[in-house]
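Asks:
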Amino acid sequence: MTDDPIQDSDAFKEAWAEPQKSALSQAELDRLTEDLIGALKTVYDPEIPVDIYELGLIYRVDVNDDRDVVVDMTLTAPGCPVAGEMPGWVETAVEKVEGVRSAKANLVFDPPWDASKMSDEAKLALNMF
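Sequential numbering of the sequence shown, starting at 0, is according to numbering that gives the first Met the number 0.
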């Protein structure tokens, strides 16, 4: 036994460098991704006639091996009147996706949202071209 930290061992370095295998097949992950995007597109900011996905309010979606989904999202403005409700709407929409066990939506404000995060579809719908 040595006093060297475990991260300095060759076995640790080799194991760390190996790609991690997911319990989800690529086909299942592709289906979940498509279905999750579809679910997120059902949630709208009540003041803007464009869904939150096309607005660029979704920053990250993580699905673990147990099919628990974590969404990092933002708002168009920190003082948005539905700030307290929108994460719940996202969780409800995501939980309806077949195969999802649970959903958690986290509000983040870094980086701040701006119109450059919108898709071309959203810009067209809002006459921002």
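Ideal Cβ positions, reconstructed from N, Cα and C, are used throughout, including at glycine.
Keep in mind that this is a model prediction, so the values were computed, not measured.
With DSSP run on the structure shown, which of helix, strand or coil describes M117?
Replies: Taking the first residue of the sequence shown as position 1, residue 117 is located at position 118. In the structure shown, M117 sits in coil (DSSP, three-state: anything other than H, G, I, E or B).
Asks: Look at E13 and S118 and say whether their C-beta atoms are less than 9 Å apart.
Replies: As a position in the sequence shown, residue 13 is number 14, starting the count at 1. As a position in the sequence shown, residue 118 is number 119, starting the count at 1. Not in contact: E13 and S118 (Cβ atoms no closer than 9 Å).
Asks: Excluding sequence positions up to five away, which residues of its chain have a Cβ less than 7 Å from the Cβ of D71?
Replies: Residue mapping note: residue 71 aligns to position 72 of the sequence shown, counting from 1. Result list for D71: Y58, R59, N105, V107, in chain order.
Asks: Could you tell me which of E90, S8, P111 sits nearest to V68, measuring between CA atoms?
Replies: Within the sequence shown, numbered from 1, the residue matching residue 68 stands at position 69. Out of E90, S8, P111, E90 has the C-alpha closest to the C-alpha of V68.
Asks: What residue does the beta strand (DSSP E) around R59 start on, and which one ends it?
Replies: Along the sequence shown, read from residue 1 onward, the residue named residue 59 stands at position 60. Element bounds for R59: 57–62.
Asks: Here's a check: name, in chain order, each residue in its chain whose Cβ is nearer than 6 Å to the Cβ of K40, leaving out the five neighbours to either side.
Replies: For this step, residue 40 is matched to residue 41 along the sequence shown. Excluding positions up to five away in sequence, the list reads D50, Y52.
Asks: Could you name each continuous beta strand (DSSP E) segment of 3 residues or more that falls completely within the region 63–105, going from the start of the chain to the end?
Replies: 67–72
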